[in-house]
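In what follows, a single structure is set out as structure tokens and then discussed.
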Ligand code: ADP
Ligand code: MG
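Residue numbers (my numbering): 1 to 339.
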């Protein structure tokens, strides 16, 4: 009787062991047998976007990630006719219904406004239009027009009614999510890749780069930080896995007048391009936050920017000042190779 019970016990243990071996074997087959790779480039959100992935069906994953980025652009671009942002701008002065997604990104943007005492401010839309950045009519605006546009700027005037899911901006104000939406789109694309089983991938969107896992060969991704004055040079290389790097620079969209560079990152307190630094790179996990922070710190300048990032857990920075000096925040110093 005792022997019989022992035999049943042994048989059960062996059975479970065999089952586990089969599961491990199938898992391995999935990993090696059906792993595919894909890489594609498209022009979305006014910039070249490249997505690379390896996973069970990499091509479908990459296509789905691009589709998600296009969807995000259609929601958050203020230059597209039926976007949520266009509806808020056209309905200025009135309450406009919004989705949870739009509400969440507006709240994130306002959070960075609070954090920076308004250095980051999505109500800069009329200022951006006046300077003509992103169009072929870039010019220094007359003072009177600048003053009028400045009067429409102020993040505190963006009203959010969470329970009614409505947003209201003052009549005449224009919101512009150009400082945060590209990062959000990159986050969304990353989530789509991950949901499709991608364990190794990279999304490059203009100055924003996000990585999933390590490279297919197992080594870390090596991401270059763009030199702000030499388009083919780097100032450093950062090794990363599952992290994002976002850069804001005065070299992306600008025009020169009398030897002075006028670019698209505006100090909402003066109405003029921010002058203290020439590039800010943010390192962290969420691209939307890194995107907002790169613009924020660009406007704050070196000293106030340093203070903000050193007190912010999870995010690091590389700041280049007007003289070309490179400052690296303490948490990133061990991980970046300066060139
Ligand atoms: P890029 O879009 O070139 O990567 P940024 O992330 O720095 O660069 O965003 C710049 C864009 O952000 C501008 O084109 C404009 O739409 C918007 N913007 C400019 N100044 C501000 C500001 N002070 N606060 C919030 N958004 C801004
Ligand atoms: Mg930004």
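Glycine included, each C-beta is placed from N, C-alpha and C at the ideal position.
query = Can the beta-carbon of residue 193 be found less than 9 Å from the beta-carbon of residue 212?
reply = Numbered from 1 along the chain shown, position 193 holds the residue referred to as residue 193. Numbered from 1 along the chain shown, position 212 holds the residue referred to as residue 212. Cβ distance < 9 Å, so residue 193 and residue 212 count as in contact.
request  = Using 10 angstroms around the beta-carbon of residue 155, count the other beta-carbons present and answer buried if the total reaches 16, otherwise exposed.
outcome  = For the purposes of this step, residue 155 is taken as the residue at position 155 of the chain shown. By the neighbour-count rule (16 or more Cβ atoms within 10 Å), residue 155 is buried.
Runs of alpha helix (DSSP H) lying entirely within the segment 247-309, each at least 4 residues, in chain order = 287-300
request  = Assess, as a yes-or-no matter, whether the segment 137-155 is touched by the segment 262-282 under the definition of 3 or more beta carbon pairs within less than 8 Å.
outcome  = yes
key: Same chain, Cβ closer than 6 Å to residue 206, five either side skipped, listed in chain order   = On the chain shown, position 206 is the one that residue 206 refers to. 47, listed in sequence order.
Range of the contiguous alpha helix (DSSP H) that encloses residue 94 = By 1-based counting over the chain shown, the position of residue 94 is 94. Premise fails: residue 94 is in no alpha helix (DSSP H) and is neither H nor E.
With 16 other Cβ atoms within 10 Å as the buried cut-off, status of residue 226 = On the chain shown, position 226 is the one that residue 226 refers to. Residue 226 is buried by the Cβ-count criterion.
request  = Would you list the one or two residues that DSSP bridges to residue 43?
outcome  = The sequence position of residue 43 within the chain shown is 43, counting from 1. Bridge partners of residue 43: 48.
ask   = When the Cβ atoms of the segment 175-183 are set against those of the segment 97-108, are three or more pairs found closer than 8 Å?
value = yes
task = In the DSSP assignment, find the beta strand (DSSP E) that holds residue 225 and state where it starts and stops.
result = Residue 225 sits at position 225 when you count from the first residue of the chain shown. Where residue 225 is concerned, the enclosing beta strand (DSSP E) stretches over 221-226.
inquiry  = On a Cα-Cα basis, can you pick out the residue from 122, 144, 291, 129 that is closest to residue 159?
reply    = Locating residue 159 in the chain shown gives position 159, counting from the first residue. It is 122 whose Cα lies nearest to the Cα of residue 159.
message = Closer than 8 Å to a non-hydrogen atom of the ligand MG - does that hold for the CB of residue 179?
response = Taking the chain shown and counting its residues from 1, the one referred to as residue 179 is at position 179. Yes, the ligand MG has a heavy atom inside 8 Å of this Cβ.
request  = Along the beta strand (DSSP E) that carries residue 319, what are the first and last residues, could you check?
outcome  = Sequence index remark: in the chain shown, residue 319 carries index 319 (1-based). Residues 316-321.
ask   = residue 245: which of 229, 35, 203, 214 sits nearest, CA to CA?
value = Translated into positions along the chain shown, residue 245 becomes position 245. Among 229, 35, 203, 214, the Cα nearest to that of residue 245 is on 203.
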